[in-house]
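Q: Have a look at this one.
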Amino acid sequence: MTQHRIGIDLGGTKIEAVAVDHLGAVCVRQRIATPIGNYRATIEAITALARVIERRIGETASIGIGIPGTISPITGLVKNANSTWLIGRPLQRDLEAVLGRPIRLANDANCFVLSEATDGAAMGMETVFGVILGTGVGGGIALAGRVLRGANSITGEWGHNPLRWPASGEIPGPACYCGRSGCVETFLSGPALAADHRRHGGQSLSAVEIADFAVRGDAECGATLARYMDRLARGLASVINLIDPDAIVLGGGLSRISALYEGIPRLWGQYIFSDQVVTQLLPPVHGDSSGVRGAAWLWRPEEEA
Numbered sequence: 000m001t002q003h004r005i006g007i008d009l010g011g012t013k014i015e016a017v018a019v020d021h022l023g024a025v026c027v028r029q030r031i032a033t034p035i036g037n038y039r040a041t042i043e044a045i046t047a048l049a050r051v052i053e054r055r056i057g058e059t060a061s062i063g064i065g066i067p068g069t070i071s072p073i074t075g076l077v078k079n080a081n082s083t084w085l086i087g088r089p090l091q092r093d094l095e096a097v098l099g100r101p102i103r104l105a106n107d108a109n110c111f112v113l114s115e116a117t118d119g120a121a122m123g124m125e126t127v128f129g130v131i132l133g134t135g136v137g138g139g140i141a142l143a144g145r146v147l148r149g150a151n152s153i154t155g156e157w158g159h160n161p162l163r164w165p166a167s168g169e170i171p172g173p174a175c176y177c178g179r180s181g182c183v184e185t186f187l188s189g190p191a192l193a194a195d196h197r198r199h200g201g202q203s204l205s206a207v208e209i210a211d212f213a214v215r216g217d218a219e220c221g222a223t224l225a226r227y228m229d230r231l232a233r234g235l236a237s238v239i240n241l242i243d244p245d246a247i248v249l250g251g252g253l254s255r256i257s258a259l260y261e262g263i264p265r266l267w268g269q270y271i272f273s274d275q276v277v278t279q280l281l282p283p284v285h286g287d288s289s290g291v292r293g294a295a296w297l298w299r300p301e302e303e304a
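Going by numbering that gives the first Met the number 0, the residue at position 51 of the sequence shown is 50; the numbering climbs one at a time, nothing skipped.
Written out as structure tokens, the structure is:
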């Protein structure tokens, strides 16, 4: 049995690879820029990273990869990827052909929730919903430490449902790359938060800048953050009404907004079909590394590649 597992996180701007030992300790880490828009270069970059990691650990290891989309169980092709140059491509088959072994691919949000449910913020909890709030919005569900994939490989994809209990001005909502309008992603991603601020007459600021200025007392930024928090509360309330998780763990760049962890639970109760809500809203233990760690955990320590 090999001593390490390799995890690779294929992100929109960077590709990160780690080797973890059987206890989850990261032994090696490498990051490179994502070759945006170039499928063949993406294959080459992932392959090169895997080989560099294996040279450093001195053995051939299992490889799990988190991707910003999913693999269709019918065609084997990538679908639902906001890195659109991957859509319709046989990514898993192409990587297995180059690397000469089976690999496992999963949605990056599934990898995130697997990491946080295995040895992170929600360790030991039965039902965990993991949320990615970044360039896009994703979600994944872990049950008893295992990712739920679903018959169509779309479990947890709350980002492409409509935002519930819409307020005035939220219908039909912004256009989404999926072809619809008003998706949760168009309201709750980082770019969506920045765009909402501009629509209401604010300056061109990043999501993190808006949150920072809101904390400092800026009225316009405070109003934008308040709208965002109410929308996030509505979005997460619909998830709680459906799967009733023990915990929701936030990931992605917007998970660093500390106001969310106190503010959202104060808001979501009005939308949840229960007299009390004990679901915990938690920041990630592993931060930006949770996705890549979860990719490594796609192969359990007792398994061989």
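From the three backbone atoms N, C-alpha and C, an ideal C-beta is built for every residue, glycine too.
Pick helix, strand or coil for residue 265, following the three-state DSSP scheme.
A: Within the sequence shown, the letter at position 266 stands for residue 265. It is helical.
Q: List, from N- to C-terminal side, the alpha helix (DSSP H) runs of 4 residues or more that fit wholly inside the segment 73-111.
A: Qualifying alpha helix (DSSP H) stretches, in chain order: 90-98.
Q: Should residue 280 be counted as a contact of the ligand MN given a C-beta to heavy atom distance under 7 Å?
A: This structure lacks the ligand MN, and indeed carries no ligand of any kind.
Q: Give a yes or no on whether the C-beta atoms belonging to residue 45 and residue 9 are separated by under 8 Å.
A: Counting from 1 along the sequence shown, the entry for residue 45 is found at position 46. Counting from 1 along the sequence shown, the entry for residue 9 is found at position 10. Yes, the pair counts as a contact, with Cβ atoms nearer than the cut-off.
Q: Which complete alpha helix (DSSP H) runs does the segment 9-49 hold, if anything under 4 residues is left out?
A: Taking only runs of at least 4 residues, no alpha helix (DSSP H) segment lies wholly in the segment 9-49.
Q: Between which two residues does the alpha helix (DSSP H) containing residue 289 stretch?
A: Locating residue 289 in the sequence shown gives position 290, counting from the first residue. Its alpha helix (DSSP H) spans residues 289-295.
Q: Taking only three categories from DSSP, how would you classify residue 196?
A: Taking the sequence shown and counting its residues from 1, the one referred to as residue 196 is at position 197. Note: residue 196 maps to helix in three-state DSSP.
Q: Going along the chain, which unbroken runs of the beta strand (DSSP E) with 3 or more residues stay wholly within the segment 111-150?
A: Counting only runs of 3 or more, we get 126-132 and 136-142.
Q: Kindly identify the DSSP beta-bridge partner or partners of residue 220.
A: The sequence position of residue 220 within the sequence shown is 221, counting from 1. BP columns for residue 220 are empty, so no partner.
Q: Are the CB atoms of residue 68 and residue 37 nearer to each other than 8 Å?
A: Position 69 of the sequence shown, counting from 1, holds the residue named residue 68. Position 38 of the sequence shown, counting from 1, holds the residue named residue 37. No, Cβ-Cβ distance for residue 68 and residue 37 is not below 8 Å.
Q: Going by the CB atoms, is the gap between residue 154 and residue 245 shorter than 8 Å?
A: The sequence position of residue 245 within the sequence shown is 246, counting from 1. The sequence position of residue 154 within the sequence shown is 155, counting from 1. Taking 8 Å as the Cβ cut-off, residue 245 and residue 154 do not qualify as a contacting pair.
Q: Would you call residue 231 buried or exposed, if buried means 16 or more other Cβ atoms sit within 10 Å of its Cβ?
A: Residue numbering aside, residue 231 sits at position 232 when the sequence shown is read from its first letter. When all chains shown are included, residue 231 counts as buried.
Q: Give the DSSP bridge partners of residue 305, in chain order.
A: Because residue 305 is not part of the residues shown, which for the chain are 0 to 304, the question remains open.
Q: What are the residues that DSSP puts in a beta bridge with residue 69?
A: Looking up residue 69 in the sequence shown gives position 70. BP columns for residue 69 point to 78.
Q: Check whether the segment 98-112 touches the segment 280-293, taking contact to mean three or more Cβ pairs, one atom from each stretch, closer than 8 Å.
A: Touching, yes, given that three or more Cβ pairs across the two stretches are closer than 8 Å.
Q: Kindly indicate which residue of 48, 39, 178 and 40 has the alpha-carbon position closest to the one of residue 17.
A: In the sequence shown, residue 17 corresponds to position 18, counting from 1. Considering only alpha carbons, the answer is 48.
Q: So the candidates are 85, 42, 146 and 192; which of them puts its Cα closest to the Cα of residue 136?
A: Position 137 of the sequence shown, counting from 1, holds the residue named residue 136. That would be 192, whose Cα lies nearest to the Cα of residue 136.
Q: Suppose contacts are defined by Cβ-Cβ distances below 8 Å. Is residue 85 in contact with residue 42 by that definition?
A: By 1-based counting over the sequence shown, the position of residue 85 is 86. By 1-based counting over the sequence shown, the position of residue 42 is 43. No, they are not a contact pair.
Q: If contacts are defined as beta-carbon pairs under 8 Å, then residue 163 and residue 262 qualify, I think. What distance do you get, rounded to the angstrom?
A: One-based indexing of the sequence shown puts residue 163 at position 164. One-based indexing of the sequence shown puts residue 262 at position 263. Rounded, the Cβ-Cβ distance is 18 Å, inconsistent with contact.
Q: Can the beta-carbon of residue 23 be found less than 8 Å from the beta-carbon of residue 118?
A: Sequence index remark: in the sequence shown, residue 23 carries index 24 (1-based). Sequence index remark: in the sequence shown, residue 118 carries index 119 (1-based). Taking 8 Å as the Cβ cut-off, residue 23 and residue 118 qualify as a contacting pair.
Q: So, is residue 74 buried or exposed, given that buried needs 16 or more other C-beta atoms within 10 angstroms?
A: Start at 1 with the first residue of the sequence shown, and residue 74 comes out as number 75. Looking at its Cβ environment, which holds fewer than 16 other Cβ atoms inside 10 Å, residue 74 is exposed.
Q: The alpha helix (DSSP H) that contains residue 214, what's its start and end?
A: One-based indexing of the sequence shown puts residue 214 at position 215. Segment 206-214, the alpha helix (DSSP H) holding residue 214.
Q: Per DSSP, which residues does residue 279 bridge with? Please list them.
A: Your numbering for residue 279 matches position 280 in the sequence shown. In DSSP, residue 279 forms a bridge with 246.
Q: Sort 249, 275 and 79 by Cα distance to residue 159 and report the nearest one.
A: For the purposes of this step, residue 159 is taken as the residue at position 160 of the sequence shown. That would be 79, whose Cα lies nearest to the Cα of residue 159.
Q: Using C-beta distances below 6 Å, list every residue in its chain close to residue 121, excluding the 5 sequence neighbours before and after it, in chain order.
A: Position 122 of the sequence shown, counted from the start, is the residue given in the question as residue 121. Closer than 6 Å at Cβ, skipping near neighbours: 115, 127, 246 and 248.
Q: Check residue 165 in the structure and name its three-state DSSP category.
A: Residue numbering aside, residue 165 sits at position 166 when the sequence shown is read from its first letter. In this structure, residue 165 counts as coil in the three-state DSSP scheme.
Q: According to DSSP, simplified to helix, strand and coil, what is residue 189?
A: Here residue 189 is taken as the residue at index 190 of the sequence shown, counted from 1. Reduced to three states, the DSSP call for residue 189 is helix.
Q: Taking 8 Å as the CB-CB cut-off, is residue 136 touching chain D?
A: No chain D is present in this structure, which holds just one protein chain.
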